[in-house]
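Working notes, structure below.
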Amino acid sequence: MVNKLLQLFRSRNAKLPVAITPEFVQNSKAFCIFPWIHLHVTQLGTVTPCCQSPWDAAQSFGNINEQSVQEIWNGKAMCDFRKKMMADVPDTRCSRCYAKEAVGLRSLRQIFNHDYQSSRVGRH
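Positions 30 to 153 (this note's numbering) are the ones given, in order, by the sequence shown.
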């Protein structure tokens, strides 16, 4: 599924600087797998990368009361966010994870990146 989404993303945007490899994920300071496998929807319909992200509309990807999930998933805001992840550029929506990591705690970003990579070992 992720490979199909990545192909779709690449077909609609400029070439990406890196591939999502185990080494990239492990060594990245900003990358998170969530934009390829997950959306978080608040009670008001605001769509954010995950439950740790700010819920304000200014930082959201859209609202499911106004757009379809497909429109949000393939929209400019979500694609731009994925580009930042691929470029290993931190995003303010992920500040809670980065703050935990800065003081030596394990973040949701690290947990899900690790779990995703572990689930992919041995699969082709």
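Glycine included, each C-beta is placed from N, C-alpha and C at the ideal position.
Assigned secondary structure, HIS69 (DSSP; H/G/I helix, E/B strand, else coil): As a working mapping, residue 69 is identified with position 40 in the sequence shown. Judged by DSSP in its simplified three-state form, HIS69 adopts strand.
Under 8 Å between C-beta atoms of VAL5 and SER89: Absent from the model: residue 5. The displayed extent of the chain is 30 to 153, so no value can be given.
So the beta strand (DSSP E) VAL76 belongs to, where does it begin and stop? Taking the sequence shown and counting its residues from 1, one reaches residue 76 at position 47. Here the beta strand (DSSP E) through VAL76 covers 75-77.
Suppose contacts are defined by Cβ-Cβ distances below 8 Å. Is LEU137 in contact with GLN81 by that definition? Counting from 1 along the sequence shown, the entry for residue 137 is found at position 108. Counting from 1 along the sequence shown, the entry for residue 81 is found at position 52. Yes, they are a contact pair.
Check whether the Cβ atoms of PHE60 and MET114 lie closer than 8 Å to each other. Locating residue 60 in the sequence shown gives position 31, counting from the first residue. Locating residue 114 in the sequence shown gives position 85, counting from the first residue. Against a cut-off of 8 Å, the Cβ pair of MET114 and PHE60 comes out as a contact.
Could you tell me whether the Cβ atoms of PRO78 and PHE110 are closer together than 8 Å? Your numbering for residue 78 matches position 49 in the sequence shown. Your numbering for residue 110 matches position 81 in the sequence shown. The answer is yes: Cβ separation under 8 Å.
Residues that DSSP places opposite GLY91 in a beta bridge: Position 62 of the sequence shown holds residue 91. For GLY91, which the question treats as bridged, DSSP gives the partners VAL76.
Note the first and the last residue of the continuous alpha helix (DSSP H) segment covering TRP84. Counted from its first residue, the sequence shown places residue 84 at position 55. Looking at the DSSP string, TRP84 is not in any alpha helix (DSSP H), and its letter there is neither H nor E.
Please return the same chain residues whose Cβ sits closer than 8 Å to the Cβ of ASN56, not counting the five positions on each side in sequence. Counting from one through the sequence shown, the residue named residue 56 turns up at place 27. Annotation for ASN56: no residue places its beta carbon closer than 8 Å to its own, counting only its chain and skipping 5 residues before and after.
If you follow the alpha helix (DSSP H) that PRO51 is in, where does it begin and where does it stop? Working through the sequence shown from its first residue, we reach residue 51 at position 22. For PRO51, the enclosing alpha helix (DSSP H) begins and ends at 51-56.
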